[in-house]
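A.B. asks: Anchor point for the sequence shown: position 216 equals 235 in my numbering, and the numbering is continuous, going up by one each time.
Can you read through this structure? Questions will come right after.
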Amino acid sequence: FLVGGVHDGIRQMFRVVEHARMMIGTKSAATMSTGYLNALAYATERVQGADLTEASDKSAPRVPIIRHPDVRRMLMEQKATAEGLRALVSYAAAAQGLAETAPDNLSLAARCDLLLPLVKGYASEKAYEVLARSLQVLGGSGYTEDYPLEQYIRDSKVDTVYEGTTGIQALDLFFRKIARDQGTAVQELLTEMRAFAKGGPDDELTPDRDLLGGMLDDLEVQLGAMVDHLMASLGGDTDRIYSVGLHTNALLASMSEAVISWQLLRHAEVALAALPTATADASFYRGKLAAARWFVRHSAPQVTARRADAEAEDGSLMLLEDAAF
């Protein structure tokens with residue numbers, strides 16, 4: 020059906036693409052979530068081996084594989100990722116809802132634009148990556164059609180490709196949503212996240228808020244290094260633009276993980292406040308706390324590494340002759 024006036028096709032097409040990108044990110048998050056739930060169900064039912072503390076005792080009872088440390092580690096990675104992607108999608112959707120109620124608020128519109136490549140690019144990449152962990156929990160059974168994991172992995176890869184590959188999402192994030200905007204929207208977002216990191220009460224989440232603050236510091240330096248390369252390229256050293264392109268995907272990941280950490284810690288504050296009077300829901304709240312802490316504590320070192328990588332970038336990869344590949 021006709022979505023707009025004549026001679027306005029490109030703008031109309033990109034409006035459709037924006038909706039499609041949001042839905043792809045949502046689909047990726049949903050696939051990751053159901054992959055985790057299938058792995059969790061299997062891990063609670065599959066009995067294999069003794070508890071590690073009794074591994075040398077041949078007569079020790081066999082336990083469900085959820086009791087094995089490596090399986091438990093993979094399950095927490097999946098839980099934290101599933102909840103994190105859901106939080107990212109929900110936050111972006113909430114921002115879109117606010118923007119629709121205030122169409123003249125350019126700041127809200129810019130926030131939505133900034134979040135969209137995170138939802139599409141990061142959610143699709145991370146879901147595909149962590150679904151492999153879901154299958155790993157099932158072992159060889161994960162390759163059979165008795166379980167849906169093998170199909171989830173095959174089907175979810177397309178999410179990183181259509182409606183703009185991850186590389187395109189990352190270029191869009193830096194050049195169109197940050198550089199063209201002169202950093203206004205991203206600085207507003209960073210300021211809001213930093214206020215949360217510094218403004219919480221002195222409680223058991225304080226170390227994790229501090230980690231979030233460190234992530235934001237690293238993210239700003241990572242972004243600053245890329246902006247320096249961009250300005251140098253505009254000033255005549257044109258090859259420096261390659262040093263931007265080599266790190267746009269890494270920036271997409273760092274920004275996404277910072278936003279997710281922020282949102283999961285917001286959830287954790289609610290869970291922490293609810294725990295003292297919780298009864299039937301106590302395990303749920305403890306799970307929310309554990310997932311938030313896991314995500315923050317495992318993402319922070321990766322953001323630090325990406326910052327160091329961006330600062331050290333010399334563009335040498337682009338000088339390598341094609342034949343060397």
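Ideal Cβ placement from N, Cα and C applies to all residues, glycine included.
Treat the numbers as computed from the prediction; the structure is a model and nothing was measured.
By how many angstroms is the C-alpha of LYS77 removed from the C-alpha of VAL36?
C.D. replies: C-alpha separation (whole angstroms): 59 Å.
A.B. asks: Just verifying my parser: in three-state terms, what is the DSSP assignment at PRO220?
C.D. replies: PRO220: coil per DSSP, three-state reduction.
A.B. asks: Quick test of the definition: if touching needs 3 or more C-beta pairs under 8 Å, does the segment 92 to 104 touch the segment 48 to 58?
C.D. replies: Contact between the segment 92 to 104 and the segment 48 to 58 is present, because at least three Cβ pairs lie under 8 Å.
A.B. asks: Could you name the residues that DSSP lists as bridge partners for ARG81?
C.D. replies: Looking at the DSSP assignment, ARG81 forms a beta bridge with ALA69.
A.B. asks: Would you report the Cα separation of ALA118 and LEU127, rounded to the nearest angstrom?
C.D. replies: Taking the straight line from one Cα to the other gives about 5 Å.
A.B. asks: So, at 7 Å on beta carbons, what are the nonlocal neighbours of ALA39 in its own chain, with the 5 sequence-adjacent residues on each side left out?
C.D. replies: Only GLU182 meet the Cβ criterion.
A.B. asks: Does DSSP classify ASN124 as helix, strand or coil?
C.D. replies: Note: ASN124 maps to coil in three-state DSSP.
A.B. asks: Taking Cβ positions, are ALA251 and ARG259 nearer each other than 8 Å?
C.D. replies: In this structure, ARG259 lies closer than 8 Å to ALA251 by Cβ.
A.B. asks: Check whether the Cβ atoms of GLN241 and ALA329 sit closer than 8 Å, and answer yes or no.
C.D. replies: In contact: GLN241 and ALA329 (Cβ atoms closer than 8 Å).
A.B. asks: Relative to the alpha-carbon of ALA129, which residue among MET234, THR184 and ALA114 has its alpha-carbon at the smallest distance?
C.D. replies: Measuring from the Cα of ALA129, the nearest candidate turns out to be ALA114.
A.B. asks: Can you give me the Cβ contacts of GLY161 inside the same chain, cut-off strictly under 8 Å, excluding the 5 residues immediately before and after it?
C.D. replies: Excluding positions up to five away in sequence, the list reads SER153, LEU154, GLN155, LEU168 and GLU169.
A.B. asks: Would you call the CB atoms of SER280 and LEU231 closer than 8 Å?
C.D. replies: The answer is yes: Cβ separation under 8 Å.
A.B. asks: Quick check: what's the CA-CA separation for LYS176 versus THR53?
C.D. replies: Going from the Cα of LYS176 to the Cα of THR53 covers about 16 Å.
A.B. asks: Could you tell me whether the segment 320 to 327 touches the segment 286 to 294, where touching means 3 or more Cβ pairs closer than 8 Å?
C.D. replies: No, they do not touch.
A.B. asks: With distances taken Cα to Cα, identify the nearest neighbour of HIS266 among ASP200, PHE194, THR179 and LEU284.
C.D. replies: The option with the nearest alpha carbon to HIS266 is PHE194.
A.B. asks: Compute the Euclidean distance between the alpha carbons of ALA198 and ARG325, then round it to the nearest angstrom.
C.D. replies: Approximately 19 Å, taken between the alpha carbons.
A.B. asks: Taking three-plus beta-carbon pairs below 8 Å as touching, is the segment 201 to 219 in contact with the segment 80 to 96?
C.D. replies: No, the segment 201 to 219 does not touch the segment 80 to 96.
A.B. asks: Between the beta-carbon of MET41 and the beta-carbon of VAL180, is there less than 8 Å?
C.D. replies: Not in contact: MET41 and VAL180 (Cβ atoms no closer than 8 Å).
A.B. asks: Between which residues of its own chain and TYR55 is the CB-CB distance below 7 Å, once the five residues before and five after are set aside?
C.D. replies: Excluding positions up to five away in sequence, the list reads GLN97, LYS98, ALA101 and SER153.
A.B. asks: In whole angstroms, give me the CA-to-CA distance for ALA151 and GLY254.
C.D. replies: Roughly 44 Å between the two C-alpha positions.
A.B. asks: Take ALA297 and list the residues in its own chain whose beta-carbon comes closer than 6 Å to its own, dropping the five residues that flank it on each side.
C.D. replies: TYR304.
A.B. asks: Would DSSP call PRO167 helix, strand or coil?
C.D. replies: In the structure shown, PRO167 sits in coil (DSSP, three-state: anything other than H, G, I, E or B).
A.B. asks: When we look at the beta-carbon of LEU336 and count the other beta-carbons within 10 Å, is it buried (16 or more) or exposed?
C.D. replies: The residue is exposed, with fewer than 16 neighbouring Cβ atoms inside 10 Å.
A.B. asks: Among residues of its own chain, excluding the 5 on either side of LEU235, which ones have a beta-carbon nearer than 8 Å to its beta-carbon?
C.D. replies: Counting only Cβ-Cβ distances below 8 Å, and skipping sequence neighbours, we find LEU209, MET212, ARG213, ALA216 and ALA277.
A.B. asks: How is the alpha helix (DSSP H) around HIS87 delimited, first residue to last?
C.D. replies: It is not in any alpha helix (DSSP H) - HIS87 carries neither H nor E in the DSSP assignment.
A.B. asks: Buried or exposed: HIS26, going by 16 or more other Cβ atoms within 10 Å of its Cβ?
C.D. replies: The residue in question, HIS26, is exposed, as its Cβ has fewer than 16 Cβ neighbours within 10 Å.
A.B. asks: Whole angstroms are fine: how far does the CA of LEU238 sit from the CA of GLU332?
C.D. replies: The straight-line gap from Cα to Cα measures roughly 15 Å.
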